[in-house]
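Asker:
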Amino acid sequence: MATSNEYKTKQKEVIQNYLENHGENHVTIDEVLNHLRDNQISVGRTTIYRYMEKLTEAGTLRKYFLEEGMGACYQYIGENKECNSHFHLKCIKCGVLLHVKCDYLSGADKHILSEHGFEIDNTKTVLYGWCKACKSNKEG
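Taking our numbering, the leading residue of the sequence shown gets 2, the next gets one more, and so forth.
#1: For Asn6, which residues from the same chain have a beta carbon less than 7 Å from its beta carbon, with the 5 sequence-adjacent residues on both sides left out?
#2: May I have the straight-line CA-CA distance separating Val127 from Lys91, to the nearest angstrom?
#3: From Leu34 to His117, what does the alpha carbon distance come to, in whole angstroms?
#4: If we count Cβ pairs, one from each stretch, closer than 8 Å, do we get three or more for the segment 93-111 versus the segment 41-58?
#5: Could you spell out the range, first to last residue, of the alpha helix (DSSP H) harbouring Lys94?
#6: Find the nearest neighbour of Leu99 within the set Asp122, Ser115, Cys132 and Gln17, judged by alpha-carbon distance.
#7: Any idea what DSSP makes of Gly130, helix, strand or coil?
#8: Under the rule that 16 or more other beta-carbon atoms within 10 Å means buried, what is Phe88, buried or exposed?
#9: Could you tell me which of Thr10, Lys13, Gln17 and Val101 sits nearest to Gly79, measuring between CA atoms?
#10: Which same chain residues, not among the five before or five after Met2, have their C-beta less than 6 Å away from its C-beta?
#11: What do you get for His112, buried or exposed, if any count of 16 or more other CB atoms within 10 angstroms of its CB means buried?
As structure tokens, this is what we get:
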């Protein structure tokens with residue numbers, strides 16, 4: 002979101018539109034870059050990185066490191082501050098990343114805090130396993 006003293010370029014606008022349209026997904030800088038290139042929009046990797054970092058600092062974009070040694074992925078949350086309250090499930094076969102808002106997991110979160118004095122940062126919590134489709138294929 003542009004402030005009164007920030008110049009919003011056409012490049013920033015197309016990046017913002019892409020992120021808003023993919024808000025339910027985690028995207029990487031390469032995915033944004035490839036999408037823009039596929040649509041003949043010339044934006045450099047550095048421009049994308051800097052703008053996404055600025056949005057992260059502003060709190061409208063969340064940055065995740067899902068695997069050690071891999072680049073970050075981002076999720077556009079805009080004004081949705083509830084995004085802090087869900088967990089992430091990542092399929093180790095197909096790589097799909099799911100957002101799960103689950104009372105059971107939230108209860109475990111609260112238990113760990115009250116009984117063990119340890120606060121979990123849900124924005125950095127990823128549980129690994131098999132998605133429904135891959136589990137069916139694995140068993141079949």
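C-beta: ideal position from N, C-alpha, C; glycine also.
Answerer: In short:
#1: Confidence at Asn6 is low in this model, with a pLDDT of 45, below 50, so its placement is unreliable and no value can be given for it.
#2: About 7 Å.
#3: 43 Å
#4: no
#5: Unbroken run through Lys94: none, as it is neither H nor E.
#6: Cys132
#7: strand
#8: Buried, by the Cβ-count rule.
#9: Gln17
#10: Residue placement at Met2 is poorly supported in this model, since its pLDDT is 47, which falls under 50; the coordinates still yield a value, given next. Same-chain partners within the cutoff: there are none.
#11: exposed
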